[in-house]
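Everything on this sheet refers to the single structure shown next.
Number of protein chains: 2
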Amino acid sequence: MLEILRGRPPRERADAARNREKVLAAAARLFRDRGVDNVSMDAVAAEAGVGKGTLFRRFGDRSGLAAALLDERERELQERILSGPPPLGPGAPPAERLAAFVDAYLDYLFDHLDLVRVSETAAPGARYRIGAYRFWHRHVAILLALARPAADADCLAHALLAPLGAEHVVALRGELGDERIREGVRELALSVAGRGREGAG
Amino acid sequence: MLEILRGRPPRERADAARNREKVLAAAARLFRDRGVDNVSMDAVAAEAGVGKGTLFRRFGDRSGLAAALLDERERELQERILSGPPPLGPGAPPAERLAAFVDAYLDYLFDHLDLVRVSETAAPGARYRIGAYRFWHRHVAILLALARPAADADCLAHALLAPLGAEHVVALRGELGDERIREGVRELALSVAGRGREGAG
DNA sequence: CAACTAAATGGACTACAGTCCGTTTCGTGA
DNA sequence: TCACGAAACGGACTGTAGTCCATTTAGTTG
Numbered sequence: 001m002l003e004i005l006r007g008r009p010p011r012e013r014a015d016a017a018r019n020r021e022k023v024l025a026a027a028a029r030l031f032r033d034r035g036v037d038n039v040s041m042d043a044v045a046a047e048a049g050v051g052k053g054t055l056f057r058r059f060g061d062r063s064g065l066a067a068a069l070l071d072e073r074e075r076e077l078q079e080r081i082l083s084g085p086p087p088l089g090p091g092a093p094p095a096e097r098l099a100a101f102v103d104a105y106l107d108y109l110f111d112h113l114d115l116v117r118v119s120e121t122a123a124p125g126a127r128y129r130i131g132a133y134r135f136w137h138r139h140v141a142i143l144l145a146l147a148r149p150a151a152d153a154d155c156l157a158h159a160l161l162a163p164l165g166a167e168h169v170v171a172l173r174g175e176l177g178d179e180r181i182r183e184g185v186r187e188l189a190l191s192v193a194g195r196g197r198e199g200a201g
Numbered sequence: 001m002l003e004i005l006r007g008r009p010p011r012e013r014a015d016a017a018r019n020r021e022k023v024l025a026a027a028a029r030l031f032r033d034r035g036v037d038n039v040s041m042d043a044v045a046a047e048a049g050v051g052k053g054t055l056f057r058r059f060g061d062r063s064g065l066a067a068a069l070l071d072e073r074e075r076e077l078q079e080r081i082l083s084g085p086p087p088l089g090p091g092a093p094p095a096e097r098l099a100a101f102v103d104a105y106l107d108y109l110f111d112h113l114d115l116v117r118v119s120e121t122a123a124p125g126a127r128y129r130i131g132a133y134r135f136w137h138r139h140v141a142i143l144l145a146l147a148r149p150a151a152d153a154d155c156l157a158h159a160l161l162a163p164l165g166a167e168h169v170v171a172l173r174g175e176l177g178d179e180r181i182r183e184g185v186r187e188l189a190l191s192v193a194g195r196g197r198e199g200a201g
């Protein structure tokens with residue numbers, strides 16, 4: 001029923017849906033038990049009782065599989081941004097919403113760091129092609145445009161998202177620790193948003 | 001990389017030095033002729049007339065080979081920063097030096113984008129382990145500490161370097177173009193440096 | 001110059017991501 | 001119920017990064 005309402009022209013065949021669930025469950029189990037980096041695609045296919053071809057046909061590549069596993073969590077955060085309470089949701093001033101986004105995104109990131117890293121780095125340029133990145137970018141760009149009407153918001157939004165890349169955070173977590181990373185990106189966001197008051201240059 | 005060239009107690013054997021040169025020459029030739037992304041490590045070894053084991057023993061991995069090829073160019077930029085004319089070299093106010101660094105680094109990056117991308121991404125976390133990254137980070141951190149004494153300069157410096165990552169630039173070059181990327185990062189740098197006057201928060 | 005040792009060598013080997021394609025299964029329309 | 005085309009399947013196959021180790025070689029010492 002639900003699939004019918006999410007109108008997609010070519011409906012998913014029953015065996016395909018069953019296998020997709022089997023793969024997602026197997027991957028979640030293996031990633032949890034052995035750690036994301038110690039699980040090969042062959043292992044996922046074997047654990048799911050599915051051929052390699054099926055696995056790759058369904059998810060494209062390793063980063064696609066990771067993205068599929070993150071989908072629900074991502075969507076939850078997106079909902080809170082679109083229609084949750086301020087300052088993360090609508091209603092607060094742009095700079096405050098920006099800071100709240102950085103905080104909330106880092107909560108999400110720290111909780112799923114290895115998986116997000118795979119979803120962003122397993123294929124070249126994967127991060128920027130994923131739908132989720134487009135969402136974060138659009139959100140940040142809109143807020144920046146409100147806070148700094150004269151600036152190139154699209155470009156600054158990409159630059160602000162760069163230090164939120166999983167690879168960056170993984171590499172610096174040991175040196176800086178979670179809280180300094182959080183404060184640093186927050187500070188960067190507030191600086192570029194004109195500290196919430198300045199307006200355009 | 002620096003360790004290899006700086007005097008180490010055990011001197012490099014003659015055959016090792018000869019093979020290193022053969023490999024670097026072969027890699028430069030193949031990368032130029034076929035494009036960095038179309039050259040495998042096997043191809044480099046074959047072109048150099050050297051075994052695979054030798055290639056990896058000398059350069060560690062694919063990103064190490066790329067880093068070795070970039071070494072000279074990197075050093076040239078480092079020299080200009082340490083002792084060249086202002087605003088890139090010493091003498092200009094911190095925010096101006098920061099903007100000059102962004103410009104000069106992007107010149108270097110746009111000129112060698114594919115090779116830098118390999119040096120940063122061929123191995124996980126490679127970017128942050130390379131000696132060059134440490135240099136850029138230290139330079140930016142020192143300038144930020146001068147411009148914003150109360151801020152966490154080390155952390156902000158990492159965040160400012162994030163949008164200068166080759167992967168980021170490669171992914172956005174098509175969407176934004178070189179000049180918007182340049183202006184965006186420059187703007188970010190000036191914002192976080194307090195636009196050159198503000199001082200600490 | 002010969003013996004000796006630590007370093008260097010090279011190519012077979014492993015592990016893994018991703019592709020290809022002959023075979024099987026699903027859903028449909030008669 | 002059956003027949004049939006489209007979609008999905010699975011596992012053999014390919015290409016590549018990186019490892020391992022038996023063999024070779026450079027440099028040193030007497």
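Each protein sequence line maps, in turn, to chains A and B. Start counting the first sequence at 1; every next residue gets the next number (the UniProt record's numbering). Start counting the second sequence at 1; every next residue gets the next number (the UniProt record's numbering). We put the CB at the ideal spot given by N, CA and C, even for glycine.
Spatial distance of residue i from residue j (CA atoms)
| i | j | result |
| --- | --- | --- |
| A:R62 | B:R148 | 42 Å |
| B:R20 | A:A153 | 46 Å |
| A:R138 | B:D42 | 42 Å |
| B:F31 | B:G165 | 21 Å |
| A:V169 | A:T121 | 13 Å |
| B:P124 | B:A193 | 30 Å |
| B:K22 | A:E79 | 57 Å |
| B:A26 | B:R73 | 18 Å |
| A:L82 | A:L70 | 18 Å |
| A:G184 | B:A159 | 7 Å |
| B:A171 | A:Y128 | 7 Å |
| A:L176 | B:A99 | 25 Å |
| A:E187 | A:A67 | 29 Å |
| B:R29 | B:G53 | 20 Å |
| A:G64 | B:P93 | 46 Å |
| B:A14 | B:I130 | 26 Å |
| A:E179 | A:H112 | 16 Å |
| A:L143 | B:L24 | 48 Å |
| B:L146 | A:A145 | 29 Å |
| B:F56 | A:N38 | 23 Å |
| B:R75 | A:R75 | 45 Å |
| B:G60 | A:G60 | 30 Å |
Same chain, Cβ closer than 8 Å to residue i, neighbours up to 5 away in sequence not counted
| i | result |
| --- | --- |
| A:A16 | R58 |
| B:Y105 | L77, W136, L164 |
| A:R195 | A95 |
| B:D33 | none |
| B:G91 | P85 |
| A:E167 | R117, E120, T121 |
Helix, strand or coil at residue i [DSSP, three-state]
| i | result |
| --- | --- |
| B:A92 | strand |
| A:V23 | helix |
| A:H112 | coil |
| residue 269 of chain B | Any answer about residue 269 of chain B is impossible in this case: the structure gives chain B only from 1 up to 201. |
| A:P163 | helix |
| B:E12 | coil |
| B:V39 | coil |
| B:I130 | coil |
| A:R148 | coil |
| A:F103 | Residue 103 of chain A is actually Asp in this sequence, not Phe. Helix, per DSSP. |
| B:D71 | helix |
| A:A189 | helix |
Close beta carbons around residue i, own chain, < 7 Å, minus the five adjacent residues each side
| i | result |
| --- | --- |
| B:V36 | D114, L115, V118 |
| A:Y133 | R127 |
| A:V50 | N19, K22, V23 |
Close beta carbons around residue i, own chain, < 6 Å, minus the five adjacent residues each side
| i | result |
| --- | --- |
| B:A141 | A153, D154, A157 |
| A:G174 | none |
| A:R182 | L106 |
Listed by chain order, chain B residues near residue i by CB distance under 8 Å
| i | result |
| --- | --- |
| A:L156 | G184, E187, L188 |
| A:L176 | D154, C155, H158 |
| A:G35 | Within chain B, no residue comes near A:G35; the closest Cβ sits about 14 Å away, beyond 8 Å. |
Chain A contact residues for residue i, given Cβ-Cβ distances below 7 Å
| i | result |
| --- | --- |
| B:I142 | Going along chain A, no residue has its Cβ under 7 Å from B:I142, so there is no contact; the nearest lies around 16 Å. |
| B:L109 | The premise fails here: B:L109 is roughly 14 Å from chain A at the closest Cβ pair, so nothing lies under 7 Å. |
| B:L146 | Correct list: empty, because the minimum Cβ distance to chain A is about 16 Å. |
| B:Y105 | Neighbours of B:Y105 on chain A: none; closest Cβ ~14 Å, over 7 Å. |
Cross-chain neighbours of residue i in chain B, by beta carbon under 7 Å
| i | result |
| --- | --- |
| A:S191 | S191, V192 |
| A:H168 | A162 |
Cβ-Cβ separation, residue j to residue i (assumed contact under 8 Å), whole Å
| i | j | result |
| --- | --- | --- |
| B:A189 | B:V102 | 5 Å |
| B:R97 | B:L88 | 7 Å |
| B:A45 | A:A162 | Going by Cβ atoms, the distance from B:A45 to A:A162 rounds to 35 Å, so no, they are not a contact pair. |
| B:S191 | A:S191 | 5 Å |
Chain A residues whose Cβ lies nearer than 9 Å to that of residue i
| i | result |
| --- | --- |
| B:R180 | D152, D154, C155 |
| B:L65 | Within chain A, no residue comes near B:L65; the closest Cβ sits about 18 Å away, beyond 9 Å. |
| B:G125 | E167, V170, A171 |
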